[in-house]
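These notes are about the structure you will find just below.
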Amino acid sequence: MVSRVRVWLNRTYAENVFFMDQLRRNPSDRAVDIHATHGDADSPVLAAADTADLEPEGLSPAGYVEYALDQCRRRGIDVFVPRLHQAAIVAHRADFAAAGTALLAPPPEAVAVFHDKVIAYEAVQAIGVPVPPWRRVRTADELVSAVEELEADGHTACFKPASGAGGVGFRVITRTPFSLSQLSGFPAPYVQLDMVVEALEQADEQVDWLVMPRLEQPEVSVDCLTGPDNRIRLSIGRTKNGRRRGFTLQEQWLEPARRIAEGFGLHYLSNIQFRMFGDVPVLMDVNTRPAGGLHQLSLCGVNAPWAAVQLALGEDPGEIVPPFLGQDYAIVSGPRQLRAVSLPPQRVEETEPLPAAVPAPVDSVEVGQAAQALPL
């Protein structure tokens, strides 16, 4: 009898309830138990899990590693998908392996390269992947100089943290004076240059930002699945142009993504994002974790989360080619049930020792799951 697989997702995005759904509806018909931890008792990922714990607050990265190892031992975790403190966790891969847990994450060298966008841009340029022009700034004077240089070339300037995930801290610079027009409608990413300069001059510490031209749509996020042998098993682009979303297998997007994923050893699931600078696709960002929208590949008949778990368990799914590309779609939010109480109740633990996961014959795709998304 094939044993069930136990997968843990630590503090992660709410959209990953769909990641969890896909693991349970895997094409191998393999039983999967999911453990989740989070700092928010009302996170929907806790409600979607079979077992759940609230994460302790205030742990250092080293302290969190000890907490994670304890979770893996107590819960009998076969595959751990770390988001929070990923860098510290992957540095202890051998300790997790000794506890019987495979890490679904790249090696520490790859995580380190893409933690800092300056290091990342310099590294991918060295292998021939185009990046936008950028300047690193820490002071008000450096910011003004960078903005003026971009504006002189006819670009709109924007900035974002040199390290960080998603769109956190992204702003577009405008010279339009602040007025009531900024207080009507929904909040926008635009911020007045004089206000930013004033804030920097009054701050007690330096910032660490990248200033670059605002890049144009389409935005293409290439989801990659790469084996520990540095060989790509799956690469599919998800396109975004306004509200419209779609999929692409065009090589102008996939080829540089594969070059990055294989060249830097981005093992298991990664997400590599591009936008247009003029008529050239350029790298925007690299995520060394599964994207929140990864589940949308189900519209192409692909179950990427399960294929990644297979790889982590030593079961190679082989090259995965989508049987079709789904039609264009839009993202809508919807309700998701939460736990009935603020502290997540636990499923009753088994009284007998839990057997380790063993390989089982598998298929590579799942067809027809609807794509959805939830806010964090």
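First residue of the sequence shown? That's 4 in this note's numbering, and the numbers climb one at a time after it.
Cβ atoms here follow ideal geometry from the backbone N, Cα and C, with glycine treated the same way.
Judged by DSSP in its simplified three-state form, isoleucine 239 adopts strand. In terms of CA proximity to arginine 33, Gln25 leads the group Gln25, Phe21, Ala206. Residue state for aspartate 98 is assigned as helix, using DSSP reduced to three classes. Per DSSP, the beta bridge partners of asparagine 274 are Asp226, Asn290. Within the same chain, Leu203, Gln209 come within 7 Å of threonine 142 by CB-CB distance, once the 5 residues on both sides are set aside. Inter-residue distance for alanine 311 and leucine 196 is about 44 Å (C-alpha atoms, whole angstroms). Taking a C-beta distance under 8 Å as the contact criterion, aspartate 211 and alanine 165 qualify as a contact pair. A check of alpha carbon separations from asparagine 290 across Asp331, His41, Val194, Ile263 identifies Ile263 as the nearest.
By alpha-carbon distance to glycine 66, the top candidate from His95, Pro47, Ala50 is His95. About 7 Å separates the Cβ atoms of valine 48 and alanine 17, confirming a contact at the 8 Å cut-off. Straight across, the Cα-Cα distance linking valine 324 with glycine 266 is about 21 Å.
By the CB criterion at 8 Å, glycine 240 and tryptophan 256 fall inside the cutoff. Isoleucine 130 counts as exposed, since fewer than 16 other C-beta atoms from the protein chains shown sit within 10 angstroms of its C-beta.
Secondary structure of tryptophan 212 (DSSP, three-state): strand.
In the DSSP secondary-structure assignment, leucine 106 is bridged to Phe83. Straight through space, the alpha carbons of leucine 252 and aspartate 98 are spaced by roughly 38 Å. Rounded to the nearest angstrom, the Cβ distance from arginine 86 to arginine 292 is 5 Å, consistent with a contact under 8 Å. Rounded to the nearest angstrom, the gap between the Cα atoms of phenylalanine 181 and serine 187 is 12 Å. When secondary structure is reduced to three states using DSSP, glutamine 220 falls in the strand class. Secondary structure at aspartate 24: helix, using DSSP grouped into helix, strand and coil.
With 16 or more other Cβ atoms inside 10 Å of its own Cβ, serine 238 counts as buried. The shortest C-alpha to C-alpha distance from valine 335 to any of Glu219, Pro326, Arg247, Arg261 is the one to Arg247. As for any beta strand (DSSP E) of minimum length 3 sitting wholly inside the stretch 43-77, the runs are 54-57, ordered along the chain.
Going by DSSP, glycine 317 is part of no alpha helix (DSSP H) at all; its letter is neither H nor E. For glycine 249, the pairing in a beta bridge is given by DSSP as Thr242. In the DSSP secondary-structure assignment, arginine 139 is bridged to Leu213. As DSSP reads the structure, arginine 9 sits in a beta bridge with Asp36. Under the three-state reduction of DSSP, glutamine 340 is assigned to coil, being neither helix nor strand. The C-alpha of asparagine 244 lies about 6 Å from the C-alpha of glutamine 220.
Distance from the CA of proline 320 to the CA of leucine 314, rounded to the nearest whole angstrom, comes to 7 Å.
At the C-beta level, arginine 7 and aspartate 36 come within 8 Å of one another.
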